[in-house]
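A short write-up of the structure that comes next.
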Amino acid sequence: MSMKERLFYVLLGVFTAWLVGLFGGFCWILASDVTKLDPMMTLVAGLGVGVITEFFIMALTLSWQYWFRKKE
1 MSMKERLFYV LLGVFTAWLV GLFGGFCWIL ASDVTKLDPM MTLVAGLGVG
51 VITEFFIMAL TLSWQYWFRK KE
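Under our numbering, the first residue of the sequence shown is numbered 1, with each subsequent residue one higher.
Structural data, given as structure tokens:
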């Protein structure tokens with residue numbers, strides 16, 4: 001396994017851990033008292049989660065295209 005493949009799999013593992021953490025946090029929020037959530041802070045947190053998730057998706061896509069494309 002080359003270094004490029006290892007880096008890709010590390011990034012993929014971090015992204016998977018991020019998604020599992022988000023799911024766990026979402027379940028924890030649903031299990032707690034939802035009425036205590038501030039709507040504006042929820043919006044800001046949701047935008048932050050979206051930006052971080054989009055970064056991971058972009059980095060994985062670009063690294064896949066760069067590292068694993070066929071050499072001509």
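Quick reminder that beta carbons are idealized off the backbone N, C-alpha and C, glycines included. Just so we're clear, the structure is a prediction, and the values are computed from it rather than from any experiment.
| Asked | Found |
| --- | --- |
| By the DSSP assignment, the alpha helix (DSSP H) with Arg-6 in it spans what residues? | 3-31 |
| Can you list, in chain order, the residues of its chain whose CB lies under 8 angstroms from that of Phe-26, leaving out five sequence neighbours each side? | none |
| Hey, Trp-64 and Phe-15: beta-carbon distance below 9 angstroms or not? | no |
| For Thr-53 and Leu-62, I'd like the C-alpha separation in whole angstroms. | 14 angstroms |
| Whole-angstrom Cβ separation of Trp-18 and Phe-56, contact assumed at under 8 angstroms? | 6 angstroms |
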